[in-house]
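Colleague: Anchor point for the sequence shown: position 80 equals 80 in the UniProt record's numbering, and the numbering is continuous, going up by one each time.
We put the beta carbon where it would ideally sit given N, CA and C, even for glycine.
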Amino acid sequence: MQDILYQTPNNPFPDPTGNRHVAGHFRTRDGKSLRYALFKSDAPRAKGTIVLAHGRNECIEKYYETISDLLKTGLWVATFDWRGQGGSERLLPNHSAGYVERFVDYEHDLEDFLTQVVLPDARLPFFLVAHSAGALVALAAAPRLTTRIERMVLCAPFIALGGQRLGQRGVRLLTNVMSRVGLKRMIVARNRHNQPFEDNRLTHDERRFRRNQAIFGSAPLLSPSSPTARWISEALGRIDVVRHQDHLAAIQIPTLVLAAGGDQIVPLRAIEKLGTLFRAGRVITIDQARHELFQESDIYREPTLAAIKAFLPGADAEGEQNALSISS
Numbered sequence: 001m002q003d004i005l006y007q008t009p010n011n012p013f014p015d016p017t018g019n020r021h022v023a024g025h026f027r028t029r030d031g032k033s034l035r036y037a038l039f040k041s042d043a044p045r046a047k048g049t050i051v052l053a054h055g056r057n058e059c060i061e062k063y064y065e066t067i068s069d070l071l072k073t074g075l076w077v078a079t080f081d082w083r084g085q086g087g088s089e090r091l092l093p094n095h096s097a098g099y100v101e102r103f104v105d106y107e108h109d110l111e112d113f114l115t116q117v118v119l120p121d122a123r124l125p126f127f128l129v130a131h132s133a134g135a136l137v138a139l140a141a142a143p144r145l146t147t148r149i150e151r152m153v154l155c156a157p158f159i160a161l162g163g164q165r166l167g168q169r170g171v172r173l174l175t176n177v178m179s180r181v182g183l184k185r186m187i188v189a190r191n192r193h194n195q196p197f198e199d200n201r202l203t204h205d206e207r208r209f210r211r212n213q214a215i216f217g218s219a220p221l222l223s224p225s226s227p228t229a230r231w232i233s234e235a236l237g238r239i240d241v242v243r244h245q246d247h248l249a250a251i252q253i254p255t256l257v258l259a260a261g262g263d264q265i266v267p268l269r270a271i272e273k274l275g276t277l278f279r280a281g282r283v284i285t286i287d288q289a290r291h292e293l294f295q296e297s298d299i300y301r302e303p304t305l306a307a308i309k310a311f312l313p314g315a316d317a318e319g320e321q322n323a324l325s326i327s328s
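1) For A141, does the count of other Cβ atoms within 10 angstroms reach 16, so buried, or fall short, so exposed?
2) Roughly how many angstroms separate the alpha carbons of Q253 and L183, rounded to a whole number?
3) In whole angstroms, give me the CA-to-CA distance for T115 and S33.
4) According to DSSP, is W76 part of a helix, a strand, or is it coil?
5) Roughly how many whole angstroms lie between the Cα atoms of S88 and Q7?
6) CB-CB under 7 angstroms to residue 344, same chain, minus the five flanking residues each way: which ones, in chain order?
7) May I ask you to report which of helix, strand or coil DSSP gives F39?
8) Are the CB atoms of V129 and L38 within a distance shorter than 8 angstroms?
9) Work out the CA separation of T17 and L236 for me, nearest whole Å.
10) Buried or exposed for R151, please, with buried defined as at least 16 other CB atoms from any protein chain shown within 10 angstroms of its CB.
11) Measuring CB to CB, does D81 end up less than 8 angstroms from I60?
12) Alpha helix (DSSP H) containing M186: first to last residue?
13) According to DSSP, is T17 helix, strand or coil?
Here it is in structure tokens:
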């Protein structure tokens, strides 16, 4: 599968033997080609499957370490790259521009992945673990996933936009106008992919930070992109929907929301407010952790994994008390 998946010396395949995973591409309902991988645990009997949904600008390779950790629970892991990023089909000739025409397209991609890959090839029951923008997609699609997903974990869900001088309303107004006047493909927030570790807002862990930078250096095909006006406008519009009490009341899937206490991307107060309205969900805060919980230092990452294992039936429940004691 080396023509589909990539590895670096510091980021090896979760499946070193090469015989416990499959990788390929599937076609979405509107004809886009998306890259996927299904990793099988070495447990004699599979306990179920985690559907792992990445954040914006991420790829399968960035989650090799996390996939390895999840496989140790006896669960399988199925994951894919969203349209417009990673090894999936890009939507614009300029690959440095992150774009989506409609945010609901991401929701359809998730549903198509479940129908075409997970349902026929993976093992029941199915659990959805999603990060950041992937968690926003999961929240948006959740009312339609009740019969497919048994439990859901949302890590640092992208339900608010922090650190902006214009504020979220100002950013939404600006990007809406740009989208309507023909500037929807214009990059509005330049990502610094080669930024120094000291300037990053994503993780305290320098080793994991540099490992992730090396992925894109060794496989330019996977290079991340910067958000366009249309992407921001569509995402903020969907945020308004998922935070509404009526939408949250329609979600019946038991949900664990993991908030990063030191998150500078998504304000903690927004996630805490979500928790007060979300009858099917509860919030646990990983104190002082930054946005990328799966890429964080062990002091933050280990409680994140422990909370997930304690919440998912069939996963190794070791450390359950530790996981629950970090709630704030």
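Modeller: According to the structure data:
1) Along the sequence shown, one-based indexing puts residue 141 at 141. Buried.
2) For the purposes of this step, residue 253 is identified with residue 253 of the sequence shown, where counting begins at 1. For the purposes of this step, residue 183 is identified with residue 183 of the sequence shown, where counting begins at 1. A small correction: the amino acid at residue 253 is Ile; Gln does not occupy that position in the sequence shown. If you take the alpha carbons of I253 and L183, they lie about 38 angstroms apart.
3) Reading the sequence shown from its first residue, position 115 is the one you call residue 115. Reading the sequence shown from its first residue, position 33 is the one you call residue 33. In this model, T115 and S33 are separated by some 15 angstroms (Cα to Cα).
4) As a working note, residue 76 is residue 76 in the sequence shown. In the structure shown, W76 sits in a strand (DSSP, three-state: E or B).
5) To locate residue 88, count along the sequence shown from 1; it is residue 88. To locate residue 7, count along the sequence shown from 1; it is residue 7. Cα to Cα, the separation comes out at about 17 angstroms.
6) A question about residue 344 goes unanswered here, because the residues of the chain that appear run from 1 up to 328.
7) For the purposes of this step, residue 39 is taken as residue 39 along the sequence shown, with counting starting at 1. Here F39 sits in strand by DSSP.
8) Translated into the one-based positions of the sequence shown, residue 38 becomes position 38. Translated into the one-based positions of the sequence shown, residue 129 becomes position 129. Result no, Cβ atoms of L38 and V129 do not sit closer than 8 angstroms.
9) As a first step, residue 236 must be located in the sequence shown, where it is residue number 236. As a first step, residue 17 must be located in the sequence shown, where it is residue number 17. Taking the straight line joining both Cα atoms gives about 42 angstroms.
10) Here residue 151 refers to the residue found at position 151 of the sequence shown. Result: buried.
11) Taking the first residue of the sequence shown as position 1, residue 81 is located at position 81. Taking the first residue of the sequence shown as position 1, residue 60 is located at position 60. It is a contact, given that the beta carbons lie within the stated cut-off.
12) The count along the sequence shown starts at 1 and reaches residue 186 at position 186. The continuous stretches of alpha helix (DSSP H) do not include M186, and DSSP gives it neither H nor E.
13) Locating residue 17 in the sequence shown gives position 17, counting from the first residue. In this structure, T17 counts as coil in the three-state DSSP scheme.
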